[in-house]
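Take the sequence shown: its letters are residues -24 to -1, 1 to 494, numbered as in mature numbering (1 follows the signal peptide of the UniProt record, and there is no 0). Scroll down for the structure; my scribbles are underneath it.
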Amino acid sequence: MPFSSRFVLLLLPCSLLAGLGAHAEPKTICTITVNSPDEWQEFRSRLPKGEYNFVELIEKGRPDWLRSSCQRGVQCDVLVVSGHFNAGETFYSDSVSKDDHLRVDELERASCSNSCPGLFAKLKEVYLFGCESLNPDASKYSSSYGESGRDRMRRVFAGVPSIYGFSGAAPVGPVAAKLIGGYFKAGGAPIGSGHANSRFLSAFSNSSMTRTSGVSEAESGYRKQVCPYYDERLTPARKLEMVHSTMKRDMGETRRFFERIEALVDSLTLEERQDPAFVKALASLASDTAVRERYIAMERAEAVAGRRARMVVLAKEIGWLPEPAFRSEIATLVSDLLARPAMGFAEVDLICSLNDDGELDGLVNAPPSMGVMQSAAVACLGDAKARARTLQALASDDEREVQGVQTYLRYRPIADAGELRDVTRVVARMPAGAAKVRALDALGRLNITDGDTLRELVQSFAASTSASVQRAIAEIFIRSDTKAIARPEVVAVLQKNRLTSTGGDKLIDAAIRRLQAS
């Protein structure tokens, strides 16, 4: 027999004996339980005992629990995240008593900083039990960064072989747990290998569960551009120098990363802003007139009004727009919005919010011809004639116009009792319909205390032939101070004249209870 064959025969029994004596290390399943524990508890009850350790990363009362997990030396093989998500930026709970949450920014910071190299370094699988956590459609994802949930999770969990989540609605915790149990009952394999698990996906076939993998090294170009904004190893001064370089190089790239630049500046503490290195970097950027001119040109070309307003604010933060120039630039933005042929309530809301302090009063000329939306916006700029036209439009039969007035009233409520009575009288006499319901809702948010106004609404309730109108009036009584009227008489009117409705009349019941308890 050849020597090599005898050598293999001699070694083989030794290797077998070694295998018999060796025990595989238990896999660590890390859990982030923002909402329901049902999913990971079902995994624990179904997986082989002794082969998996479960570690909850959230520590009650510690907002820095993720950093704490890094310091504890936890190394996850599998990560299970449970929480509502809804294509947003935060996993959250549906319980008002729970303050636990998980911002994706925090995951990205841990991923990019290498400040926690062990926590996710061994990850083979991630389970994201939240609606739209892997939504591939960026247009339906409410992240301020303008990218899809799927793309962002792939970047956060770079190199992870299997990431499971939902492209649409996800089942609630108890239902998800039942489906996990069904998977194991049908002979499903234990988790944690990292291999694509078609049987697990099949268990959720009636949901929108999907699977992807983290970006590979070959795909990591964009990740390398994003990570410096989160990398805790870089000082704020170094990050600002990076922003300056980006702005010098390409304003298109600046626009692409605007939200991250904005978030970086907003996150700076007073101590960080006063650091000599940061002061020097900021002075260098503020004095770069060529970059300033290109940035302002980009801002003025921005089509999304809200984003443009934030670009102006960032220019002020950088030092490119001292206070008079800042107000002038905001006034230019408002003028451009008012000149648009079609304005909506979103533009009204923006203009009113920009002049919440009255600093723009008198700085913007009203357009010669105005619809209700323009009038509402100009009224927010302190124009008395525009205000009168706006209040008249609260009785419009066009619900969209009423919505514009409603937006205005959130910023400039009616304070004069006589004016409020006049407006209420006109609204009360409107024909039933969606516009009237919205107008009544706008009145309900004014915390009415005037007795004559409330009596006008009582009469309107009694005369109404619309259950939806009656509910809207009842809500006004819930929100208002009813001390100025005879409450027993109002209760009698509500009880006698309430209409039967298939949609229910809980608001009327609530109004009656409130009036009786007052």
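By construction, the Cβ of each residue, glycine as well, lies at the ideal position given by its N, Cα and C atoms. Fair warning: this is a prediction, and the values are worked out from it, not measured in the lab.
What's the gap between the Cα of residue i and the Cα of residue j?
i, j, result
"A443", "L470", "12 angstroms"
"P343", "T441", "41 angstroms"
"V56", "D426", "55 angstroms"
"R397", "A391", "11 angstroms"
"residue 497", "R249", "What the structure shows of the chain is the stretch from -24 to 494, and residue 497 is not part of that stretch, so it cannot be assessed."
"E465", "V403", "22 angstroms"
"E229", "D373", "46 angstroms"
"S178", "R187", "11 angstroms"
"R236", "V202", "8 angstroms"
"G164", "F176", "7 angstroms"
"V(-17)", "S189", "With a pLDDT of 38 at V(-17), under the threshold of 50, the predicted position of this residue should be treated as unreliable, though the coordinate-derived value follows. Cα to Cα, the separation comes out at about 40 angstroms."
"E108", "G320", "29 angstroms"
"F30", "V191", "26 angstroms"
"A393", "R431", "13 angstroms"
"I424", "L357", "24 angstroms"
"T458", "F437", "15 angstroms"
"F142", "S58", "12 angstroms"
As a quick exercise: from the options, pick the residue whose alpha carbon is nearest that of residue i.
i, options, result
"M346", "L330, Q47, P317, F321", "P317"
"A273", "S263, M287, G282", "M287"
"G144", "P2, S183, V132, F160", "S183"
"L244", "E235, P112, A213", "A213"
"F133", "D53, P150, L210", "D53"
"M218", "V413, Q379, A411, P204", "P204"
"D337", "R431, A362, M319", "A362"
"A277", "S329, V467, Q51, L313", "L313"
"Y384", "Q368, G394, V280", "Q368"
"E208", "E84, A411, D70, R20", "E84"
"S12", "R48, H77, E27", "H77"
"A418", "R284, F437, R386", "R386"
"A281", "A259, L309, V289", "L309"
"E27", "C92, G409, I167", "I167"
Can you list, in chain order, the residues of its chain whose CB lies under 7 angstroms from that of residue i, leaving out five sequence neighbours each side?
i, result
"I484", "Q446, R447, A450, L470, R474"
"residue 548", "Nothing can be reported for residue 548, as the shown portion of the chain is limited to -24 through 494."
"S124", "N111, P112, D113, A114, Y117"
"E82", "L42"
"L210", "P204"
"S477", "A443"
What distance in whole Å lies between the Cβ atoms of residue j and residue i, which are believed to be in contact at a cut-off of 8 angstroms?
i, j, result
"V80", "Y140", "About 16 angstroms separates the two Cβ atoms, so there is no contact after all."
"V10", "F96", "With 8 angstroms as the limit, V10 and F96 do not qualify as a contact, their Cβ atoms being about 17 angstroms apart."
"D14", "A152", "6 angstroms"
"H60", "G106", "6 angstroms"
"E375", "R414", "6 angstroms"
"T7", "W16", "4 angstroms"
Near residue i, which residues of its chain fall below 8 angstroms by C-beta distance, leaving aside the five closest residues on each side in sequence?
i, result
"V267", "H220, M223, K224, L261"
"W41", "L33, I34, E35"
"A291", "R268, Y271, I272, E275, L297, F302, E305"
CB-CB under 6 angstroms to residue i, same chain, minus the five flanking residues each way: which ones, in chain order?
i, result
"F453", "A487"
"V354", "A342, A362"
"residue 495", "Since the displayed the chain opens at -24 and closes at 494, residue 495 lies outside it and no answer follows."
For the region 142 to 226, list the beta strand (DSSP E) runs that are entirely contained and at least 3 residues long, ordered along the chain.
-> 185 to 188
Sequence ranges, alpha helix (DSSP H) only - wholly within the region 392 to 466, length at least 4 | 393 to 404, 410 to 420, 427 to 439, 443 to 455
Could you tell me which uninterrupted alpha helix (DSSP H) segments, each at least 4 residues in length, are contained entirely in the region 299 to 324, listed from first to last along the chain?
-> As far as the region 299 to 324 is concerned, its whole alpha helix (DSSP H) runs of at least 4 residues are 299 to 314.
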